[in-house]
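Residue numbers (numbering that gives the first Met the number 0), protein chains in the order written: chain A, 0 to 439; chain B, 0 to 313. Down below is the structure, laid out as structure tokens.
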Amino acid sequence: MKRLKHIVRPMAVATIAAAAITAVASPSVAAENGKFRLGVVTFLSGGAAGPFGVPSINGAKLLINALNEGKVPGPYGQKGINGLEIETVVIDENGGATKQVEEFRNLAERHKVDAVVGYISSGDCLAISPVAEELKVPTVMFDCGTSRLFEENKTPRYVFRTGLDAAIDNIGAARYVVDTNRKTSAVASIQQNYAWGQDSWADFRAALTQLKPETKIATEQFPKLFQGQYGAEISAIAVSKPDVIHTSFWGGDMEAFVLQGAARGLFDKSAAILTCGESALDRLKGQAPNGLILGARGPFGAFAPKNELSEWFHKSYVAQVEMAPSYPAYKMAQAILGLKAAAEKAAAGKTGIVPEKEKVLDAFTNLTFESVSGTVAMSRANGHQALQGISYGEYRYDAKTKQASLANVKSYAGDCVTPPDGTTAAEWIKAGFPGAKCGN
Amino acid sequence: MTYIDRTGLWLIATAAILVAGAFVLPHWLTFILTLALAKALVVQGVVVQMRAGLVSFGQGLFFCVGGYAIGLGGNLLGIHDAFALLALGLVASVGLAAVIGLLMTRYRDIFFAMLSLALSMILFGVLVKSQTLGSTDGFNVHGVSYLGVTFDGANQKIAVYILTVVVSCACALFLYRSQHAGIGRVCEAIRENEIRVEYLGLSPRWILYAQYLVAAAVSALGGGLTALATGHIDPEMAFWTTSGEFVFIALLGGTMHVAAPFVAAVLFAFVRTYAIEFTPHTWQMILGLVLLGIIIFLPKGLWSLVSRNRRVKA
């Protein structure tokens, strides 16, 4: 043992010294290696990894490999981004906003990335947004839903968001409930007790009350995040005899609630609307009752329109991952395609170079591009926020083919559910959706 | 402080080198150092109590109070000076510690650990339910000035870095002196045999109370500096995993020397950032293995590498 210590000590000192030297020496590995260096940040561990992080990183890898091989159909036939191979630096989003700020700085200054795509957590988006502006790194938020992103960053330059604001999910959900003529004299709510759940419910409640003033709230349940067991909450909801149950549950919590609620017959007499439900479409395997209303936070996943690009994406994803892609995979692909479209527009035909950053930003602002979810227009928040519609539909499971599908799908155009610039979602709902174009 | 001995000079010299580094080192490196040193201040709080035999699994409480004082001081009270904000966090944190310390110092061992954890989780719960404070998303800190001077972009980060180094150095000197003064020695005696200390005519409870306040003060400074550096605060600062990380770093460094938490925090930051870079899917495992290795081979922490060398020479 004594001899072992003699070896261990110098070894430990040497390792630490070596680590310190590599740490300081490594920034010399700069970009400009003839590749487009892209930072990809998403949850690889923790509770959000399973439902969101892993599908999104699968989508990113699939798309980036295909782009590098020049195999993507539609307008994206050019290799990589503007003819340059895409090189990725993948970072785990787990661990809190402080760590993400640190890692974002590392991406920008140590790895010298040309752009960053990522961020699922709203807290991370809010923390990263000022840092991206400060460090002048083009940053595409692909999933986070907080309305505060562009309320706090009023004049964005480097920050873009190709995913939709969570307020849209809930305005769309309220419209779906009203348009399918459900009674709303008793509405029950169950949300995870954190910013996402609180904000989602506030928006849905306001929107539904605005559309149907006779709406009455029967019960509001706020179990804690990742609680997993909802016996008490299900009892409370069942006792309140609701016409409609609204939930913004996601991931394991959402699936647990559906299974436990179905076993208790909660969904037999009440319509339940799950704004993030689509991510479990292929996982429920008939354990959920037909008629459950599912959303995908936009025209993603099973709601994606059928076109060459979306069909190619779906087919390649199933071939590689052996599961249908859920909405986080689509949203990640959308962010990368948006960046590619902007970079190639900025390059204006000069392939094989990293286009000038300022030109990419100009090109991305107000850009209209083709995506796996149809055509996307960056037309909100001074051209930095994507405007897209939202769809809801009812879960249908065919026991014979063992395939789940969606019925009674209703889609709402972006202009119908999105507040105009300069108005917060809460103000817009309160004012009665002025200027909403719903096509009917 | 009557004189500064060799260790004191070492601390000041290291701080001077780090300050000079602000103009040489790449920004990402100084940023990692800023966060690591700020975190080390909280670890100092844990170590101060560890030397007296108490393990705090809730030091995140004061870390969070220090951080939120920066954000709320700016948003609600309109204070934008970094020094005033840090002082505000310090006062708030020590004030809180003065009250709950009365309860905490009655407990020892696992009871102290669990109670400290519970109190920090209460703060976490309250913040999560406060929608006006952004719930779990937290909020950003804007427009901080330094004695009337506002910096932009990179310069602001350099200012925070230098401030962090200076505050860390001051805290280190203070803690070093107090460790070698009577009160510091008595803490070790309390850890070894509390009843005997009472027979000597001292009150372990009030000595632990004093240590609890000191720990709260340095932790609040750490939280405040973290908030200034990242520009964002959220309730995660009071979550138990954050407090666990401080204990992790305290074990990594050991309690033998005032410099150990700083060295350990910097090492931890580098191990983590490179683990995330090279093994994005399994970086937690790397951290776990490092801790396991330290516990097995260096049960008294990293600092035993240094102190053993010294003893051989002497």
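All C-beta atoms in this analysis are idealised placements derived from N, C-alpha and C, irrespective of residue type, glycine included.
Practice task
Excluding the 5 residues preceding and the 5 following residue 26 of chain A in the sequence, name in chain order all residues of the same chain whose CB lies nearer than 6 Å to its CB.
Solution key: Mapped onto the first sequence, residue 26 of chain A falls at position 27. Confidence at residue 26 of chain A is low in this model, with a pLDDT of 44, below 50, so the placement of that residue should be treated as unreliable; the coordinate-derived value is given next. Contacts found: 109.
Problem - Simplified DSSP assignment, three categories, for residue 442 of chain A - result: Only positions 0 to 439 of chain A appear in the structure, and residue 442 of chain A is not among them; the question remains open.
Practice task
Note the first and the last residue of the continuous beta strand (DSSP E) segment covering residue 404 of chain A.
Solution key: Position 405 of the first sequence, counted from the start, is the residue given in the question as residue 404 of chain A. Residues 402 to 411.
Practice task
Quick one: using the 10 Å Cβ neighbour count with 16 as the cut-off for buried, is residue 234 of chain A buried or exposed?
Solution key: Along the first sequence, read from residue 1 onward, the residue named residue 234 of chain A stands at position 235. It counts as exposed.
Problem - residue 437 of chain A burial status per 10 Å Cβ neighbour count (16 or more: buried) - result: Position 438 of the first sequence, counted from the start, is the residue given in the question as residue 437 of chain A. With fewer than 16 other Cβ atoms from the protein chains shown falling within 10 Å of its own Cβ, residue 437 of chain A counts as exposed.
Handout entry: Minimum Cβ-Cβ distance from residue 402 of chain A to chain B less than 8 Å
Key = The residue labelled residue 402 of chain A in the question sits at position 403 within the first sequence. No, its Cβ sits nowhere closer than 8 Å to a Cβ of chain B.
Practice task
Compute the beta-carbon to beta-carbon distance between residue 114 of chain B and residue 106 of chain B, rounded to the nearest angstrom, for a pair I have assumed lies under 8 Å.
Solution key: Indexing the second sequence from 1 puts residue 114 of chain B at position 115. Indexing the second sequence from 1 puts residue 106 of chain B at position 107. The C-beta distance from residue 114 of chain B to residue 106 of chain B rounds to 6 Å, short enough to meet the 8 Å contact threshold.
Practice task
Within the stretch 92 to 126 of chain B, note down every full beta strand (DSSP E) run reaching 3 residues or more, in order along the chain.
Solution key: For the stretch 92 to 126 of chain B, not a single whole beta strand (DSSP E) run of length 3 or above is found.
Exercise for the section: Find out if the Cβ-Cβ distance for the pair residue 246 of chain A, residue 190 of chain A is shorter than 8 Å. Expected result: Looking up residue 246 of chain A in the first sequence gives position 247. Looking up residue 190 of chain A in the first sequence gives position 191. For residue 246 of chain A and residue 190 of chain A, yes; Cβs fall inside 8 Å.
Problem - Contact the stretch 326 to 341 of chain A vs the stretch 159 to 170 of chain A: 3+ CB pairs below 8 Å - result: In short, these stretches touch, since the Cβ pair count reaches three.
Problem - Chain-order list of residues whose beta-carbon lies under 7 Å from that of residue 137 of chain B (same chain, five-residue window excluded) - result: Counting from one through the second sequence, the residue named residue 137 of chain B turns up at place 138. Within the same chain, residue 137 of chain B has close Cβ partners 231, 232, 233, 234.
Exercise for the section: Answer with buried or exposed for residue 35 of chain A, where buried requires no fewer than 16 other C-beta atoms within 10 angstroms of its C-beta. Expected result: Numbered from 1 along the first sequence, position 36 holds the residue referred to as residue 35 of chain A. Around the beta carbon of residue 35 of chain A, a 10 Å sphere encloses 16 or more other beta carbons of the protein chains shown; the residue is thus reported as buried.
Problem - Own chain residues within Cβ distance below 7 Å of residue 246 of chain B, not counting five before or after - result: Translated into the one-based positions of the second sequence, residue 246 of chain B becomes position 247. Around residue 246 of chain B: 45, 54, 56.
Problem - Given 8 Å, three or more beta-carbon pairs between the stretch 130 to 143 of chain A and the stretch 369 to 380 of chain A - result: By the criterion of at least three beta-carbon pairs nearer than 8 Å, the stretch 130 to 143 of chain A is not in contact with the stretch 369 to 380 of chain A.
Exercise for the section: Would you check if there are 3 or more beta carbon pairs closer than 8 Å linking the stretch 252 to 266 of chain B to the stretch 127 to 136 of chain B? Expected result: Flag = no, the stretch 252 to 266 of chain B and the stretch 127 to 136 of chain B do not touch.
Handout entry: Buried or exposed (CB count within 10 angstroms, at least 16 for buried), residue 70 of chain A
Key = Numbered from 1 along the first sequence, position 71 holds the residue referred to as residue 70 of chain A. Exposed, by the Cβ-count rule.
Problem - Boundaries of the alpha helix (DSSP H) in which residue 355 of chain A is found, first to last residue - result: Here residue 355 of chain A refers to the residue found at position 356 of the first sequence. Where residue 355 of chain A is concerned, there is no enclosing alpha helix (DSSP H), given that its DSSP letter is neither H nor E.
Practice task
Could you check how far apart the C-beta atoms of residue 220 of chain B and residue 166 of chain B are, in whole angstroms? I think they sit under 8 Å.
Solution key: To locate residue 220 of chain B, count along the second sequence from 1; it is residue 221. To locate residue 166 of chain B, count along the second sequence from 1; it is residue 167. That belief holds up - the Cβ atoms of residue 220 of chain B and residue 166 of chain B are roughly 6 Å apart, short of 8 Å.
Handout entry: Where residue 244 of chain A sits in the DSSP three-state scheme
Key = Sequence index remark: in the first sequence, residue 244 of chain A carries index 245 (1-based). Here residue 244 of chain A sits in strand by DSSP.
Exercise for the section: Quick one: residues in its chain with C-beta nearer than 8 Å to the C-beta of residue 24 of chain A, no 5 flanking neighbours on either side, listed in chain order? Expected result: For this step, residue 24 of chain A is matched to residue 25 along the first sequence. Residue confidence for residue 24 of chain A is low, a pLDDT of 48 falling below 50, so the modelled location carries little weight and cannot support an answer.
Practice task
Kindly indicate if chain B contains any beta-carbon less than 8 Å away from that of residue 91 of chain A.
Solution key: Within the first sequence, numbered from 1, the residue matching residue 91 of chain A stands at position 92. Residue 91 of chain A counts as touching chain B.
Exercise for the section: With 8 Å as the threshold, decide whether the Cβ of residue 78 of chain B is near any Cβ in chain A. Expected result: As a first step, residue 78 of chain B is located in the second sequence; it is residue number 79 there, counting from the start. With 8 Å as the cut-off, residue 78 of chain B does not count as an interface residue toward chain A.
Practice task
Below 9 Å between beta carbons is the criterion; list the residues of the stretch 110 to 139 of chain B that meet it against any residue of chain A, in chain order.
Solution key: So the close ones are 124, 127, 128, 130, 133, 134, 135, 136, 137, 138, 139.
Practice task
Report yes if the CB atom of residue 205 of chain A is closer than 8 Å to the CB atom of residue 429 of chain A, and no otherwise.
Solution key: Residue 205 of chain A sits at position 206 when you count from the first residue of the first sequence. Residue 429 of chain A sits at position 430 when you count from the first residue of the first sequence. Cβ atoms of residue 205 of chain A and residue 429 of chain A: closer than 8 Å.
Exercise for the section: Could you spell out the range, first to last residue, of the alpha helix (DSSP H) harbouring residue 252 of chain A? Expected result: For the purposes of this step, residue 252 of chain A is taken as the residue at position 253 of the first sequence. Per DSSP, the unbroken alpha helix (DSSP H) holding residue 252 of chain A starts and ends at 250 to 262.
Problem - Opposing strand residues paired with residue 330 of chain A [DSSP bridges] - result: For this step, residue 330 of chain A is matched to residue 331 along the first sequence. Residue 330 of chain A has no beta-bridge partner at all, per DSSP.
Practice task
Check whether the Cβ atoms of residue 297 of chain A and residue 273 of chain A sit closer than 8 Å, and answer yes or no.
Solution key: Counting from one through the first sequence, the residue named residue 297 of chain A turns up at place 298. Counting from one through the first sequence, the residue named residue 273 of chain A turns up at place 274. It is not a contact, given that the beta carbons lie outside the stated cut-off.
Exercise for the section: Please report the Cβ distance between residue 103 of chain A and residue 115 of chain A, rounded to the nearest whole angstrom; I am assuming they are in contact, meaning their Cβ atoms lie under 8 Å. Expected result: Taking the first sequence and counting its residues from 1, the one referred to as residue 103 of chain A is at position 104. Taking the first sequence and counting its residues from 1, the one referred to as residue 115 of chain A is at position 116. Sure, about 7 Å apart at Cβ, within 8 Å.
Practice task
Find out if the Cβ-Cβ distance for the pair residue 341 of chain A, residue 359 of chain A is shorter than 8 Å.
Solution key: The residue given as residue 341 of chain A occupies position 342 in the first sequence. The residue given as residue 359 of chain A occupies position 360 in the first sequence. Taking a C-beta distance under 8 Å as the contact criterion, residue 341 of chain A and residue 359 of chain A qualify as a contact pair.
Problem - Neighbour-count burial assignment, residue 38 of chain A, 16 or more Cβ in a 10 Å radius - result: Taking the first sequence and counting its residues from 1, one reaches residue 38 of chain A at position 39. With 16 or more other Cβ atoms within 10 Å, it is buried.
Handout entry: Chain-ordered neighbours of residue 191 of chain B on chain A, where CB pairs are closer than 8 Å
Key = Here the question's residue 191 of chain B lines up with position 192 in the second sequence. Listed along chain A, no residue sits closer than 8 Å to residue 191 of chain B by beta-carbon distance, the nearest being about 26 Å off.
Problem - Below-8 Å beta-carbon distance, residue 9 of chain B vs any chain A residue - result: For the purposes of this step, residue 9 of chain B is taken as residue 10 along the second sequence, with counting starting at 1. Not an interface residue.
Problem - For residue 15 of chain B and residue 3 of chain B, the rounded distance between their alpha carbons - result: Position 4 of the second sequence holds residue 3 of chain B. Position 16 of the second sequence holds residue 15 of chain B. If you draw a straight line from the Cα of residue 3 of chain B to the Cα of residue 15 of chain B, it comes to about 16 Å.
Practice task
Take residue 257 of chain A and list the residues in its own chain whose beta-carbon comes closer than 6 Å to its own, dropping the five residues that flank it on each side.
Solution key: Position 258 of the first sequence holds residue 257 of chain A. For residue 257 of chain A, where only same-chain residues beyond five positions count, the Cβ hits under 6 Å are 287.
Handout entry: Interfacial residues, the stretch 27 to 48 of chain B to chain A, with Cβ spacing under 8 Å
Key = Those would be 27, 28, 30, 31, 34, in chain order.
Practice task
Thinking residue 81 of chain A and residue 346 of chain A are a contact (beta carbons under 8 Å), I'd like their distance in whole angstroms, please.
Solution key: For the purposes of this step, residue 81 of chain A is identified with residue 82 of the first sequence, where counting begins at 1. For the purposes of this step, residue 346 of chain A is identified with residue 347 of the first sequence, where counting begins at 1. Correct: roughly 5 Å between the Cβ atoms.
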